[in-house]
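Undergrad:
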């Protein structure tokens with residue numbers, strides 16, 4: 096009851112404290128100028144102040160090479176910002192008494208297993224959402240990145256084979272796979288898929304009329320943005336922007352971690368619900384004020400990354416992960432926020448509760464410097480801070496990061512040893528299996544060795560010798576991050592296993608090649 100009283104007081108204070116200002120007077124022209132300067136195809140922004148939408152606007156085009164414009168109804172893939180909606184779906188079930196945050200997961204899914212039997216008994220629904228399970232950063236993401244043959248239930252069953260990196264509840268490490276478990280739990284409890292439940296009980300109930308929770312549903316929406324990336328350079332992020340195949344997306348099994356698509360109007364509706372602690376425009380509650388407090392309450396302390404001097408004001412003094420949200424400070428204010436990214440689209444959702452302001456920025460490209468620059472420009476606007484030139488500073492940081500990645504690749508390419516391979520191609524060929532991922536097949540043809548990640552549609556290509564018994568992948572799909580593939584040999588020169596790691600130093604963590612531990616299948620068929 097104390098938490099509810101505090102929320103009620105906060106609501107009264109926020110209602111009495113107007114937002115610092117309306118949106119920046121020149122936002123329409125300034126965003127367009129920035130978009131053109133960066134070369135981003137499109138962007139959409141929603142801003143909510145004191146329970147009202149003060150901006151829902153789009154800039155640019157849905158797809159390069161076409162003229163269809165982005166507007167307030169254009170839906171974007173919003174990536175991991177959808178984690179908060181999976182948490183909200185669970186909050187609805189908590190309010191209905193069907194689950195509790197601290198219920199053991201096996202109370203509702205008796206068949207669920209983690210790698211360790213004790214953790215299987217102890218892990219709770221809350222634990223699924225707060226990145227303290229002991230799994231490593233992005234561990235298991237290759238089960239749905241970039242796509243998969245696995246069902247969600249099969250994916251959840253495979254979690255049992257993910258060997259933890261740390262002890263349970265001892266450290267923070269961001270993961271997606273346990274949100275897939277949360278999505279499966281919703282189905283086990285309600286009899287509805289995560290897609291159907293979240294569509295009916297969160298999206299539509301919350302007034303998000305354009306939003307979709309399923310890929311095929313999204314493809315049926317004419318007013319949707321296409322993903323874009325820069326792939327023609329030496330690493331991802333370098334080269335001209337190009338449209339990606341929109342169907343080459345994250346596997347449906349991982350959708351509870353980031354499979355929603357929303358428009359600016361939808362984001363405005365979502366921000367209003369959040370800032371009103373679950374209240375809807377008609378006075379009803381999507382979820383209770385008690386659950387609103389639970390979802391914003393910090394749970395897992397997060398390490399703070401050191402930022403360069405030019406970006407120091409953006410470095411928080413404290414930050415923690417809550418239920419689908421990140422809680423941190425900025426210029427003395429509490430900020431509730433989350434970023435999201437699926438290949439070719441990025442999003443940032445931000446709230447300043449004591450100003451009763453929230454905003455969301457969605458882009459149909461991977462231009463992170465622009466996204467972060469706009470985020471901090473808007474934060475400073477609503478906090479009354481002087482212009483700090485954030486858009487240029489974040490763009491400089493992003494370009495420096497890419498330049499560092501390029502330099503790393505140059506050094507690596509200049510230094511491979513002129514040694515190996517130890518074996519004939521036929522001796523490397525065979526079927527290799529990882530307990531959680533499945534099979535990777537190394538083949539041989541007249542041109543040399545090939546590789547096929549069999550659980551992932553169209554994730555196949557060739558292997559080119561690198562050094563010793565290491566090879567590098569050359570995938571047919573340029574959107575797939577290349578990997579080093581290293582064969583381990585015993586004293587008799589027989590392959591005993593295969594390990595991998597990304598070639599790029601700045602590859603997205605979801606390419607968790609390093610978590611694979613491939614062993615030869617005896618019959619090698």
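Numbering (my numbering), first residue to last: 96 to 620.
Backbone N, C-alpha and C define an ideal beta-carbon position, used for all residues, glycine too.
Do residue 612 and residue 592 count as a contact pair if the criterion is CB distance below 9 Å?
TA: In this structure, residue 612 lies closer than 9 Å to residue 592 by Cβ.
Undergrad: Taking 9 Å as the cut-off, decide whether the C-beta atoms of residue 204 and residue 251 are in contact.
TA: In this structure, residue 251 lies closer than 9 Å to residue 204 by Cβ.
Undergrad: Taking the DSSP output, what are the residues bridged to residue 440?
TA: Looking at the DSSP assignment, residue 440 forms a beta bridge with 437.
Undergrad: Could you spell out the range, first to last residue, of the beta strand (DSSP E) harbouring residue 238?
TA: Taken as a continuous stretch (DSSP letters only), residue 238 belongs to no beta strand (DSSP E), as it is neither H nor E.
Undergrad: Assuming residue 187 and residue 382 make a contact with CB atoms under 8 Å, what is their CB distance in whole Å?
TA: Contact holds; Cβ gap of about 6 Å.
Undergrad: Please classify residue 212: is it buried, with 16 or more other beta-carbons within 10 angstroms of its beta-carbon, or exposed?
TA: Its Cβ having fewer than 16 others within 10 Å, residue 212 is exposed.
Undergrad: Hey, would you say residue 122 sits closer than 9 Å to residue 152, going by beta carbons?
TA: For residue 122 and residue 152, yes; Cβs fall inside 9 Å.
Undergrad: Give a yes or no on whether the C-beta atoms belonging to residue 341 and residue 324 are separated by under 9 Å.
TA: No, the pair does not count as a contact, with Cβ atoms beyond the cut-off.
Undergrad: What three-state label does DSSP hand residue 597 in the structure shown?
TA: Here residue 597 sits in strand by DSSP.
Undergrad: What's the gap between the Cα of residue 253 and the Cα of residue 532?
TA: Approximately 8 Å between the Cα atoms of the pair.
Undergrad: Is the shortest distance between the beta-carbon of residue 424 and the beta-carbons of chain C less than 9 Å?
TA: Of the chains in the structure shown, none is chain C; there is only one protein chain.
Undergrad: Look up residue 172 in the DSSP assignment and give the residues it is bridged to.
TA: According to DSSP, residue 172 bridges with 356.
Undergrad: Could you name the residues of the same chain whose beta carbon sits closer than 7 Å to that of residue 329, not counting the 5 residues immediately before and after it, in chain order?
TA: Result list for residue 329: 501 and 504, in chain order.
Undergrad: Hey, is the region 471-480 in contact with the region 425-437, meaning 3+ C-beta pairs nearer than 8 Å?
TA: Taking 8 Å as the limit for Cβ pairs, the verdict is that the region 425-437 does touch the region 471-480.
Undergrad: May I have the straight-line CA-CA distance separating residue 400 from residue 164, to the nearest angstrom?
TA: For residue 400 and residue 164, the distance between alpha carbons rounds to 37 Å.
Undergrad: Pull up the distance between the alpha-carbon of residue 530 and that of residue 353, whole angstroms please.
TA: Approximately 25 Å, taken between the alpha carbons.
Undergrad: Using only the alpha-carbon positions, how far apart do residue 474 and residue 316 sit?
TA: Straight-line Cα distance between these residues: approximately 32 Å.
Undergrad: Please classify residue 270 as buried or exposed, where buried requires at least 16 neighbouring CB atoms within 10 angstroms.
TA: Buried: at least 16 other Cβ atoms inside 10 Å.
Undergrad: When you compare the region 242-251 with the region 146-161, are there three or more beta-carbon pairs, one atom per stretch, that lie closer than 8 Å?
TA: No: the two stretches stay apart, fewer than three of their Cβ pairs being nearer than 8 Å.
Undergrad: Starting from residue 156, trace the beta strand (DSSP E) in both directions and tell me its first and last residue.
TA: Taken as a continuous stretch (DSSP letters only), residue 156 belongs to no beta strand (DSSP E), as it is neither H nor E.
Undergrad: Would residue 301 pass as a contact of residue 364 if the rule is Cβ separation under 9 Å?
TA: Closer than 9 Å, so yes.
Undergrad: Quick check: residue 397 and residue 416, are their CB atoms within less than 9 Å of each other?
TA: The answer is yes: Cβ separation under 9 Å.
Undergrad: Among 463, 235, 268 and 241, which one has its Cα closest to the Cα of residue 333?
TA: Nearest of 463, 235, 268 and 241 to residue 333, Cα basis: 463.
Undergrad: Skipping 5 residues on each side, what residues in its chain have a beta carbon closer than 7 Å to that of residue 195?
TA: Closer than 7 Å at Cβ, skipping near neighbours: 189.
Undergrad: Whose C-alpha, out of 326, 579 and 442, is nearest the C-alpha of residue 507?
TA: Checking every option, the nearest Cα to that of residue 507 belongs to 579.
Undergrad: If you draw a straight line from the C-alpha of residue 514 to the C-alpha of residue 522, how long is it?
TA: Using only the alpha carbons, I get a separation of about 17 Å.
Undergrad: Taking one C-beta from the region 224-236 and one from the region 533-540 each time, how about it: are there three or more such pairs within less than 8 Å?
TA: With the cut-off at 8 Å, the region 224-236 and the region 533-540 do not touch.
Undergrad: Is residue 310 helix, strand or coil when you go by DSSP?
TA: Helix.
Undergrad: Let me check understanding here. Comparing Cα to Cα, which of 547, 350 and 214 lies closest to residue 572?
TA: Measuring from the Cα of residue 572, the nearest candidate turns out to be 547.
Undergrad: Quick one: Cα of residue 570 to Cα of residue 138, how far?
TA: Answer to the nearest angstrom: the Cα atoms are 30 Å apart.
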